[in-house]
Structure formats: C-alpha cells, structure tokens
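2 protein chains.
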Amino acid sequence: MEMQPELCRVEDALGILVGKWKPIILLILLQNGTKRFSDLKRSIPGITQKMLTNQLRELEEEDIITRKVYPQVPPKVEYSITEYGKSLEPILVAMHEWGTAHTLHKMKKSQQTLFRIE
Amino acid sequence: MEMQPELCRVEDALGILVGKWKPIILLILLQNGTKRFSDLKRSIPGITQKMLTNQLRELEEEDIITRKVYPQVPPKVEYSITEYGKSLEPILVAMHEWGTAHTLHKMKKSQQTLFRIE
DNA sequence: CGGCATCCTGATTGATACTG
DNA sequence: CAGTATCAATCAGGATGCCG
C-alpha cells in the first residue's frame, strides 16, 4: 500500500486514540455497546468525573461515540459506540496484541541486564 | 481474542507511538531501513533538531530503533529500525488506513453541515 | 446522577543560541 | 553534522467544589 510520509494519515487515528483513558473507554464500549456514565466510571478505576466527561466529549466530537440523555430524575446518560467507532477496533486489537508481545520483550531485556550484572 | 479492560495492553503500544513526530519517523525508517540524522531532518518539515534528537532517543530507549555513530569529521550518525521496531508496522498501517477512511468521513460530515445550513 | 467551573501542576513542545 | 543548553509557551491531566 501507499504510505508515503507526505501522505501520512496516521496522525488522525493517533489523535483520536491519544488521551489517558480513551483506549479503555473504547474497549469497554466495544465490548458492551452501550454503558451509562456511572457504569463507565465504576469500570475504570482511578478516573475522575472530570476526565471521564472530558474524554467522552472528545470521542463524541469525533463521532466515535454517541451520547443519549434521558430527561428524568435522577439523570441518566448513555454512551454508545458508533458504527464508525467500531472501525477503530482493528487498531485497538493490533495495539493490544503488540502490547502483549511487548511485555515479553521487556522481560527478556531485564533478564539480560541481570545476567550482565552477575 | 481476550481483550478485557483489566488486561488491556493497548497503552504499551500507544506509549511508544505517542509523540508528535514518532509516527512519521517510524514510517520513514520502515521504508528506508536506515537514515542519517540530517536526512531525517530534511524528510520531516517543521521538526527542530531538538525534537528530532528527543524523539529518536525515546525510540532508541524502547529498542525500536538503533543509533550508530561513525567517529569521523564531520560526524555521521545513522538511525535504523530494529526487527522489534518492525513489529509496529501493522499498527501503523492500520492507523494509516483508518486515517485515510477518516478523511472521507470528515468530508461527508462537513457536507451534511452545508446541507443543513442551506 | 451527571455534569460544569476554577485553579493548579507537571510534562511536552518549541525558539534560539552555542559547540566538538 | 549532530548535537546540547536554556528559556518560554502550551497543554493534558488532576483536585476540588458547586449545581439542576
């Protein structure tokens, strides 16, 4: 395939995926399709409300997810992955697979270090 | 495949790819195998020497590229992609392909906006 | 419940100048 | 040629508090 640096479109995908919590949010929505705000928050240990809102807004802005508000008390807001968002799955899978192999690579590296020290 | 959020290894790949100039550097080295510093700089419009050095160091630290210094005057330093670094190619290709499609998506979106305005 | 507004900190990036 | 050093600017991320 043609992938000249001048025609590099890698940044587009990277721009959408970059954000401390976006990959995990997308993985959850890819697995579940739809989740409400509080469910997401509970599924992602350590995230603050601000950051969850923030990352969701950015993903929504890119049409990767949709936001549905149920006008009721207490409020209920559901987030869903879009068809377009689902198209990111191959990238996330590729990254996950690479990351798994990367773990092994790091283990090998630290073992080599141990050998050198001894 | 197994891709539970708790077992998410996506961040590893993302961490290596994130950096304003890393993807373009990797694409160039994947295509050329080896390039010297000045060639890289010329191939990447807008990058400063500092940032090129910076990003190369980080990639080297992760064993994605290697740095070979020729002790001569004027200095010559060559950067090459490692076998390990080549394993990132599927991710970059997947992102590039997605980015290309993304361009079309954005075009459609702006057209819809135009229709709504008229 | 699901936000938003404010303030704050550290990391990232950049401009510029200098060097072996 | 291939850097390093310094300083400045920008930005992502986080802590906290208030609100309908």
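Listed in order, the protein sequences are those of chains H and Z.
This note's numbering applies: residue 524 is where the first sequence begins, and numbers increase by one.
This note's numbering applies: residue 524 is where the second sequence begins, and numbers increase by one.
Ideal placement from N, C-alpha and C gives every residue a C-beta, glycine not left out.
About 16 Å separates the beta carbons of I567/H and I587/H, which is beyond the 8 Å limit, so they are not a contact pair. Secondary structure remark: continuous alpha helix (DSSP H) runs of at least 4 residues inside the region 542-590 of chain H, in chain order: 545-555, 560-566, 572-584. Nearest to P598/Z by C-alpha distance, out of E612/Z, K573/Z, R559/Z, is R559/Z. Interface with chain H (9 Å Cβ-Cβ cutoff): V596/Z is excluded.
Here the C-alpha atom of V600/Z lies approximately 10 Å from the C-alpha atom of T557/Z.
Residues of the region 617-633 of chain H that bring their beta carbon within less than 8 Å of a beta carbon in chain Z comprise A617, M618, H619, E620, W621, G622, T623, A624, H625, T626, H628, K632, in sequence order. For V600/Z, the secondary structure class from DSSP, reduced to helix, strand or coil, is strand. Per DSSP, the unbroken alpha helix (DSSP H) holding L537/H starts and ends at 533-540. For V600/Z, there are no C-beta contacts with chain H under 9 Å, since the nearest C-beta of that chain is about 20 Å from it. Rounded to whole angstroms, H628/H and S603/H show a C-alpha spacing of 35 Å. Under DSSP, the beta-bridge partners assigned to Y593/H are K599/H. Annotated three-state conformation of S610/Z is coil, per DSSP.
Across the set H619/Z, Q578/Z, A617/Z, the C-alpha of Q578/Z shows the shortest separation from the C-alpha of G538/Z.
Between I614/H and L540/H, the C-beta gap is smaller than 9 Å, which places the two residues in contact. For E583/H, no chain Z residue has a C-beta closer than 9 Å to its own C-beta; the minimum C-beta separation is roughly 13 Å. In the three-state DSSP reduction, T626/H falls in the helix class (H, G or I). Rounded to whole angstroms, E612/H and L550/H show a C-alpha spacing of 8 Å.
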